[in-house]
Each structure stands twice: as structure tokens, then as C-alpha cells.
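Since the structure comes first, as C-alpha cells, the remarks are kept for the end.
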Amino acid sequence: MTQVREGLRPLRPPWLSVGFVVSFATLAGVLSLSVLAWLPAVVDLPAHVIDPPPVWLLALFVALAAVSDVVYVPVRHADAWEELTFVEVVIIWGVLILPPFAALSTALLGFALVALLLRRPAVKFLFNLGSYAISGAGLMITYLILVGDSEQFGLRSVLALLVGAVVFTTLNLFMLTLILLAAEGVPPRELLEEQWALSLGMAVGSVGVATVALSIEQSNPALTPFAALPVIALWYAYRASSAHAEGRERSRWLVELGQAVATPGQPQVVIPRAAEALRRVYAADEYAVVLASGHHFGTDPAWVPPPVPPRQVRTLVGDELPDHWDAGVGIRLDDQSGGGVLAIGTHHQQEWATRHLPWARSWSVPETDEPALVALTAAVGSSVRAGQTLAELTAETAKLQAVVDHATDGICVVDQQDEVLLWSPAAQRITGVDLPDGLDSVRTADTPDIVRRIVSVPAEPEGVEVSFERSDGQQLDLQVTRVDVAASGTRVMTIRDMTRERRAERLKSDFIATISHELRTPITPIRGYADLLRRRWDRMSEEKRAGVLETIQERADHLTRLVDDLLVAARTTSDAELGVDMQRMDLVDAVREAATGFPEVDGRLSIAASEPLWVHADRTRVIQIINNLVGNAVKYTGPDAAIEVRFSAGPERVEVFIRDHGAGIAADEQERVFERFYRIEDPMTMRTGGSGLGLHISRQLARAMGGDVRLNSIPGEGSTFVLQLIAEGT
Amino acid sequence: MATILIVDDEPSVRDVIRDTLELEDHVVFEAVDGPSALETLSQPQLPDCVVLDIMMPGISGLDVLTELRARPATSALPVILLTAASDDATTWAGWSAGANVFLPKPFDPGALLDWIDRVLEGGGEMEPTL
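Just so you know, the protein sequences line up as chains A and B, in that order. The first sequence runs 3 to 732 under the numbering used here. The second sequence runs 2 to 131 under the numbering used here.
Structure below.
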């Protein structure tokens, strides 16, 4: 059987149809016979030819030809079964014994009888006869010309016969090429590559047999039938050998079938693999499967097998078979496989010969195999179910893996022997500890300390706080919650990074201490002086009373500003709009006004500006920001150090730089000073007052006006705060 | 009449305490921070009582008190602690450091005077109010 490959099919001339080839074979065959009939008139026949032949000899040759056509050996050749006949032997022997026309016509008559008897299709019959006539005539003409006038059957005769056999093979292959190209589009080159060796071998072998037969006949005619012994022996040897080959082939596919049903998989994978193996086991040509789900596959995609009752193997008959199948069986697939029918079948073995001749290779599935086939479908079902379970399990595992991989909290699973079974990516990210796959017991010496601490926390409902310093130097506060899985003795730890929360709590706690100090401190003189005025009014001088009242007033103003700041800070938390009243304003003027609030630094505060700088901003808020920034500079600068204010005007932005010569701020603190409540100092011993809100509020206000506050600082040299605002043309 | 040292970094708080005490004829000295207070209290002439603020820049009032209690000369010197923080931790820290009286800000000047009188008389210490 030759596969026709799409895309590789050679361009077949349009006139090369099957009809043309058959007509050509028929006509050429008739012509060949005519030439043979005329041949004895022009060449002398060799002495070993019996001329004229007796009738019994002619009848014998007809019978031999018929038998040689039906007695064949199946030979495994190029992934297909070839039917090897012995017609060449009869034709070549005929050449040696009979006149050319008689030799060929008796052979053709024998073949014709077989074709009629087996009801072979007329087209095939005509082509075969024509083809044999052409190649047989080629053989005989070649032989008679080459053997010439040699009296004896000798070396020359054998060589002539060999050349004739080559001609026979060549012509026969040529005709085969033509018909297959016309009928199936098989490329001639492919066919020749597959066939030439086998055909030539057969022809040469036939020459040998015929030569032996003639030699025996010339020495002792009664022994002539023994010349067929090698042929018979060869035939039996081939039969035995091919039976072994078939058995091996069957075993190979049984193994494949076993593997197919033992491998869990989806129905679309398992069933075609099993069906293909089953097809090979029974040497079938086709398989087709339809599943209840509507899935449908096979070597014959257009055909859907008919229904088959449960747990049955049924021989398909008549209309149940597709047109080109001669025989087939259907097997019901159980519901686990998806339900449906699997069918295998063949398309060329239902001829008379295969049904009636004992040696013919007929196709069937033995009834004794049926229980095994029913069991097989159950195995297919199990395999499909296992495949589905595996797929579901894989999907579930993938889901769990996604949870483990993407959880923000770290997850660590430890077994009874303190073996770490799972150390999630988040656990790795949080702790900075990478535990490789197939983790060691935490009892080993090289287990990082933090892992040891995490896996040994006690089971507390609220979790346990674990503080540690990560390898990158960051101080972390972790909350580790342990859950014991009673059944397996496994412990599951969730690791939450609470560093931010704890820092926020500390900031808040520090803020409360600071703000408590900031609020209570001004109240102390207010309340103290009010009490003093009430109790000791008489003993206080007029001047003293005035001074006391001024202090009360000043402290009350201070408190008011503090409360204002707190309210602004509260708004920045609650996402409420920071009210800004945007207008065209002179930034230089606003800075000068803000500076008047710091009379104590008047001498060392320099403001470098000669003309107005117009910005689009809220004047009150700008003064508040400048107050905060200059106030900071004053607080953190030595009593004599200068504070410089400079301006920079661009087309879109105007910036004011407030530079002090204080201690400066470390790089890692530079962004944090803008956080709410953040203070660099410990509230208990801080040198400077303040709520920790000033810079936060300044930045929020600047941003509300479309600007920003930035910080450049070099520790030991001082800090420069930059207020950026939107420029407005003059 | 007694000699009293006020230690506080906030001028207005020092002023109100000074005015209150002076109107009652006490003699008042001032220190603006911890180091200057410790300096003053290393002199042979000791005040009768110290009014000491806790939250001060540099050395806190608690540190000053701890140092005073460690010195033989001042180990029994009456100290009234003032604090704007009123959390339990600070209160406990004050008592542990050896304060005679723990007075949260803002305080009533009358109450301060009463406590000064009581500690000068060698009267009982104030129980911590938690």
C-alpha cells in the first residue's frame, strides 16, 4: 500500500487516465500476441522447444498458470503486505518448452480462468492480461533473438533467459507504474524504489527454477515435476517466515496497545492511540471512532460507525460499512471512555479466494478475542478517567500553587520531623532567605536563624511577633501565625511583614507623646498665670500683670497655630480637599512677610531677590509653608549660622531655595521627613519643638497648589528645602 | 521660705513657676537644660527642692534624676517631676528613677505650692496615679 502524500504528487498528464492505461495494455497485449504468432516465421526456435506441443502439455500449462496465480505468499514489504505469486516461473518455463505464442497464450488463458472464477473486476482483469502479454512478449522476443541458432541449451541460453527476465521485469514495472500513477497518483520514482529489487529477484529466481526444470526434463522427463520442489519449499518457507513476521508485528502492536491504555490521558489522545494499535494488531486497514461527546476521529474522517450495544463486539455488515471497507467490527466504548463506538476494518480481503482458499490471508477478528476486546475498552475507560482525574488534579494543584505563589503573606509548611516542606516565594521575599527545593531539616547547622525561629513559634491565636535584621540590614517586624494540622502533624506558618504597621504605630505613639508635650507646654503658663492673676492680683505690679497677660496671649496664639496644623494634617489623611485659594501673587513679597515672623534671626537671614516673582498660588498657604521651612532652618541651625533664601524663575516653574548650615539629614531619612508625624529625634530628649507635621503639611499644601517641596541635604553641611510653584507671567 | 531650682527648657514655663514661687517668697534659681542643672547641683550650696521637667533636649529629666539619686549629696534631695507626657510608661519611669512627686502638665500653681510645702516638711510622697 502506498501513501499518497499531498504536495508531493507529481503532475499527472490529464490524458493519463485508468481507461487509457487499460486500453493501452489491452491493445498492446493483442499486438504482442500477434507478434509472437508471427515470430517462428522469422527466427528458428531452439531445440528444447517442443513444436508442435501436444494438447496435454498445453492443458498442463493452462492449469499451472491458474494455480500459480492463486497460490501466493504474503510478504511484508515496505509497511504493506505484498502477495507474491509464481506466475513468472510458469511464463519463463513456458518460454523454454513451448513455442512463443503457445507459451504466452496458455499462461494468459490460465490467468483469465482464475479471474473469471474469482470474479475479479473486468478492468483489473484486462489490465493484468495486457500487462503480462506485453512483458511476456518482451521476454520471449529477447530470448529468441539472443539465443540465436545455438543447438544446445547451454550458458548462452541461460544468459539470454536472464536478460529476457530483466526485460520482463522492466516492462511489467512500467505498466504497474502507469496504472498506479493514473489511478492513485503514486509517483513512479517512489514505486520503482519500492518494487524493483523484489521484482528482479523474483524474475531471476524464476529463471533458476525454469532452467533446472528444463535440465531435468531433458535428462529424465519423468522427474520433471520435481523441479517444482524448490518452489514448493520456498513457498512453505515464506509462509512460515511471514507467519512469524506477522506474529512479531502483532506482538509489537499488542505492547503498544498495552502502553496506550496504561497511560492516563485525555480521550482525544488515548483513544486514537489505542485504536491505531488495535488496527495493527488485527492487520486492519482502517479505524474510526465516534464518541458520545461528538468527537470523531480515525483514518477515515468522513465515516461515523453505527451504534453497538454495551459490552459487545459486533461484526459490521452491509450498509453499516463504508463503501470502501470490505469487512469490519465495531466495539462499544464504555461511558468512562466517553461512550461511543470504535471500529476497525479492511478494504480488500473479501474476495472469493480469501473466503474459500485455505492458504489465503483472510481478515477477521476471532470470536475468542471478543471478551478481551470488551475488557480492553474498560481499560481505555480507566485510562481516560485517570487522565481526567490527573488533569483535574493538575488544575487544582495549579490553583493552590498560584495561591502560594501570589499570597502577600509568606507560607511555610513544616512536618513532624521539622522538615521544611514548603517555603513560599513571599516567605523568601519577606525574609530574604532562599530555601532551595527539597529543603533540609531546620535542625541542620546551615539553616538560617530566622527560619529556625519561624518554624518554632508556639501556636497563639493572635500570632507571634518575630523581629530580626534581614541580610540587607533592614530591621523587620514579622507576625508569624502557626496552625497545627492535627491529622498529619504538619505545621503551617503564615508570615506577615508587619514592619510598616509597626513603624506606623511607633510614629503614632511618638506623635502622641510629642503632640501631648506641644499642647500641654503652652497651656501650663496660660493656666498658671490665670491662676496667679486670680489669687495674687494685689501683690503683682501693673507692669508684671501686663507682661503676664502678654505671655498668655502669645502662648494662646501658639496653641492656635498648632491646632491649625493638626487640622490640616487630619485633612491630608481623610483625603478631604485641602482648600487653596489660587491667585496671582508675588512670591518674594510673601517670603519677606513670612521672614518677619523670625525677628531673632533677622541679621543672618538673607533674601536674595530684587524684583517681584509672580506665581499662581494661595498667598496664605505660601506664607505658612515658608514659615515652616524657615522655622525648621532656624531650629536646626546653630545660633550664628546664616540662613539663605534664593529664588530661581523658569518659564513654567518658580522655585525658592531655603538653605541652612545645620547638621543635615542622612540620605535614608530625606524622604521620610515628609511623612506624617515623622521626627528624627526621640520625643523625650528632642532639642526642638514641633509636632512632626510641618514638612508633611508643607508638601501637601504645595502639591495642592500644583507645586512640590523637595529636599537636598548633605549630612554635616546643611539642608536646602526647595518650594516649587507654578509661574505666572508678569 | 525655701530655695528652689527650676529646670525646664521652655522659658514661659520657667517664668510662670518662678513668678508663682517668688510671690510666695521662695528664692528661685533656673536651669535651661539637664547639663546646667547637674552643674548647679554639684555646688556645695544645694536648693531645698528641685522642680524638674522630663522632656528636655539632650539629657532628659529622667536622666538628670537618675544621676542625682546616684550622687550621695543629692540622693535624698526632694525632686518634683513635671511632664507633659501622661502615659503609664513615663509615670513608672519617673517613680522608678526616684521622684518625690510626679506632676503632669498643665498643673495648677496652687497644687505645685502645696506639694513643695509638703516635701519641704518631709511629708509623704505622692502615690503614683495610674
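Using N, Cα and C, we set each Cβ at its ideal position, and we do this for glycine too.
- Mind checking which residues open and close the beta strand (DSSP E) that includes Arg712 of chain A? Translated into positions along the first sequence, residue 712 of chain A becomes position 710. 710-716 is the extent of the beta strand (DSSP E) around Arg712 of chain A.
- chain A contact residues for Ala85 of chain B, given Cβ-Cβ distances below 7 Å: Within the second sequence, numbered from 1, the residue matching residue 85 of chain B stands at position 84. Taking a Cβ-Cβ cut-off of 7 Å, the neighbours of Ala85 of chain B in chain A comprise Ser518, His519, Arg522, Thr523, given in sequence order.
- Task: Run down chain A in chain order and give the residues with a C-beta less than 9 Å from the C-beta of Leu24 of chain B.
- Result: Sequence index remark: in the second sequence, residue 24 of chain B carries index 23 (1-based). When 9 Å is used as the limit between beta carbons, Leu24 of chain B is near these residues of chain A: Leu534, Arg537, Arg538, Arg541, Met542, in chain order.
- So, is the C-beta of Gly111 of chain B closer than 8 Å to a C-beta in chain A? On the second sequence, position 110 is the one that residue 111 of chain B refers to. It does: the Cβ of Gly111 of chain B has a partner Cβ on chain A nearer than 8 Å.
- Query: So, is the C-beta of Gly530 of chain A closer than 8 Å to a C-beta in chain B?
  - Reply: Stepping through the first sequence from its first residue, residue 530 of chain A is reached at position 528. The Cβ of Gly530 of chain A sits closer than 8 Å to at least one Cβ of chain B.
- Task: Using the Cα positions of Ala380 of chain A and Gln261 of chain A, report the straight-line distance between them to the nearest angstrom.
- Result: Stepping through the first sequence from its first residue, residue 380 of chain A is reached at position 378. Stepping through the first sequence from its first residue, residue 261 of chain A is reached at position 259. If you take the alpha carbons of Ala380 of chain A and Gln261 of chain A, they lie about 14 Å apart.
- Message: Short of 8 Å in beta carbon distance, which residues of its chain neighbour Ile728 of chain A, apart from the five on each side in sequence? Order them along the chain.
- Response: For the purposes of this step, residue 728 of chain A is identified with residue 726 of the first sequence, where counting begins at 1. Within the same chain, Ile728 of chain A has close Cβ partners Val617, His618, Ala619, Glu654, Arg655, Val656, Met707, Gly708, Gly709.
- Closer than 7 Å at the beta carbon, the chain A residues around Glu11 of chain B: Here residue 11 of chain B refers to the residue found at position 10 of the second sequence. Near Glu11 of chain B (Cβ distances below 7 Å), the residues of chain A are Thr523.
- Item | 8 Å Cβ cutoff, Thr553 of chain A in contact with chain B | Sequence index remark: in the first sequence, residue 553 of chain A carries index 551 (1-based). Answer yes: the Cβ-Cβ gap between Thr553 of chain A and chain B drops below 8 Å somewhere.
- Task: Give a yes or no on whether the minimum CB-CB distance between Met56 of chain B and chain A is below 8 Å.
- Result: Numbered from its first residue, the second sequence carries residue 56 of chain B at position 55. By this cut-off, Met56 of chain B is an interface position.
- For Trp93 of chain B, does the three-state DSSP call read helix, strand or coil? Taking the second sequence and counting its residues from 1, the one referred to as residue 93 of chain B is at position 92. For Trp93 of chain B, the three-state secondary structure derived from DSSP is helix.
- Query: If you draw a straight line from the alpha carbon of Ala114 of chain A to that of Phe127 of chain A, how long is it in whole angstroms?
  - Reply: Stepping through the first sequence from its first residue, residue 114 of chain A is reached at position 112. Stepping through the first sequence from its first residue, residue 127 of chain A is reached at position 125. C-alpha separation (whole angstroms): 7 Å.
- Item | Interface flag, Pro107 of chain B vs chain A, CB-CB below 8 Å | By one-based count along the second sequence, residue 107 of chain B stands at place 106. Chain A contact via Cβ: present.
- Would Ala611 of chain A pass as a contact of Phe649 of chain A if the rule is Cβ separation under 8 Å? Taking the first residue of the first sequence as position 1, residue 611 of chain A is located at position 609. Taking the first residue of the first sequence as position 1, residue 649 of chain A is located at position 647. Cβ distance < 8 Å, so Ala611 of chain A and Phe649 of chain A count as in contact.
- Please indicate yes or no: does the CB of Ala105 of chain A lie closer than 7 Å to some heavy atom of the ligand MN? Looking for the ligand MN in the displayed structure turns up nothing, as the structure carries no ligands at all.
- Straight-line gap, Asp591 of chain A to Arg505 of chain A (C-alpha atoms, nearest Å): Here the question's residue 591 of chain A lines up with position 589 in the first sequence. Here the question's residue 505 of chain A lines up with position 503 in the first sequence. So the alpha carbons of these two residues sit roughly 40 Å apart.
- Query: At a CB-CB cut-off below 7 Å, which residues of chain B make contact with Arg557 of chain A?
  - Reply: On the first sequence, position 555 is the one that residue 557 of chain A refers to. Correct list: Ser13.
- What are the start and end residues of the alpha helix (DSSP H) that includes Glu192 of chain A? Position 190 of the first sequence, counted from the start, is the residue given in the question as residue 192 of chain A. Start and end: 190-221.
- Quick one: which residues of the stretch 487-519 of chain A get their C-beta closer than 7 Å to a C-beta of chain B? List them in chain order. Taking 7 Å as the Cβ-Cβ cut-off, the stretch 487-519 of chain A approaches chain B at Ala515, Ser518, His519, given in chain order.
- Item | Where the beta strand (DSSP E) containing Pro105 of chain B begins and where it ends | Locating residue 105 of chain B in the second sequence gives position 104, counting from the first residue. For Pro105 of chain B, the enclosing beta strand (DSSP E) begins and ends at 102-105.
- Item | Sequence-distant residues of its chain with Cβ nearer than 7 Å to Trp198 of chain A (five each side left out) | The sequence position of residue 198 of chain A within the first sequence is 196, counting from 1. Closer than 7 Å at the Cβ level, and outside the excluded window around Trp198 of chain A, lie Leu175.
- Task: Evaluate contact between the stretch 102-112 of chain B and the stretch 67-84 of chain B, counting only Cβ atoms and requiring at least three cross-stretch pairs below 8 Å.
- Result: Under the Cβ criterion (8 Å, minimum of three pairs), the stretch 102-112 of chain B counts as touching the stretch 67-84 of chain B.
- Report, in whole angstroms, the separation of the C-beta atoms of His246 of chain A and Glu288 of chain A, which I expect to be a contact under 8 Å. Here residue 246 of chain A corresponds to residue number 244 of the first sequence, with the count starting at 1. Here residue 288 of chain A corresponds to residue number 286 of the first sequence, with the count starting at 1. Contact doesn't hold; Cβ gap of about 25 Å is too wide.
- Query: Can you give the Cα-Cα distance for Gly9 of chain A and Thr301 of chain A, rounded to whole angstroms?
  - Reply: As a first step, residue 9 of chain A must be located in the first sequence, where it is residue number 7. As a first step, residue 301 of chain A must be located in the first sequence, where it is residue number 299. Per-residue confidence for Gly9 of chain A stands at a pLDDT of 39, beneath the threshold of 50, marking its modelled position as unreliable; no derived number is given.
- Closest Cβ-Cβ distance between Pro460 of chain A and chain B: below 8 Å? The sequence position of residue 460 of chain A within the first sequence is 458, counting from 1. For Pro460 of chain A, the answer is no, since every Cβ of chain B falls outside 8 Å of its Cβ.
- Message: For Gly156 of chain A, report the span of its beta strand (DSSP E) as first-last.
- Response: Residue numbering aside, residue 156 of chain A sits at position 154 when the first sequence is read from its first letter. Element bounds for Gly156 of chain A: n/a, residue is neither H nor E.
- Message: Against chain A, with Cβ distances strictly below 8 Å, would Asp20 of chain B count as a contact?
- Response: Numbered from 1 along the second sequence, position 19 holds the residue referred to as residue 20 of chain B. Under the 8 Å criterion on CB atoms, Asp20 of chain B is classed as interfacial with respect to chain A.
- Query: With 16 as the cutoff for other CB atoms within 10 Å, does Arg158 of chain A come out buried or exposed?
  - Reply: By 1-based counting over the first sequence, the position of residue 158 of chain A is 156. It is exposed - the Cβ of Arg158 of chain A has fewer than 16 other Cβ atoms within 10 Å.
- DSSP on Met142 of chain A, reduced to helix/strand/coil? The sequence position of residue 142 of chain A within the first sequence is 140, counting from 1. Helix at Met142 of chain A.
- Message: Please identify, using Cβ separations under 8 Å, the residues of the stretch 30-54 of chain B that lie next to chain A, in order along the chain.
- Response: So nothing in the stretch comes that close.
- Item | Sub-8 Å separation of Asn630 of chain A and Ile699 of chain A beta-carbons | Numbered from 1 along the first sequence, position 628 holds the residue referred to as residue 630 of chain A. Numbered from 1 along the first sequence, position 697 holds the residue referred to as residue 699 of chain A. For Asn630 of chain A and Ile699 of chain A, yes; Cβs fall inside 8 Å.
- Task: Identify the continuous alpha helix (DSSP H) that holds Tyr238 of chain A and give its terminal residues.
- Result: In the first sequence, residue 238 of chain A corresponds to position 236, counting from 1. 231-264 is the extent of the alpha helix (DSSP H) around Tyr238 of chain A.
- Following the continuous alpha helix (DSSP H) through Val522 of chain A, name the residue where it begins and the one where it ends. Along the first sequence, one-based indexing puts residue 522 of chain A at 520. Residue identity differs from the one stated: residue 522 of chain A is Arg in this sequence, not Val. DSSP places Arg522 of chain A inside the alpha helix (DSSP H), whose first and last residues are 501-538.
- Message: Threshold first: 4 residues or longer. Then list the alpha helix (DSSP H) segments lying entirely within the stretch 599-668 of chain A, N to C.
- Response: 621-638, all fully within the stretch 599-668 of chain A.
- Message: Rounded to the nearest angstrom, what separates Pro717 of chain A and Val406 of chain A at their Cα positions?
- Response: Position 715 of the first sequence holds residue 717 of chain A. Position 404 of the first sequence holds residue 406 of chain A. Approximately 44 Å, taken between the alpha carbons.
- Task: Name, in chain order, the residues that DSSP records as bridge partners for Gln314 of chain A.
- Result: Here the question's residue 314 of chain A lines up with position 312 in the first sequence. For Gln314 of chain A, DSSP records no beta bridge to any residue.
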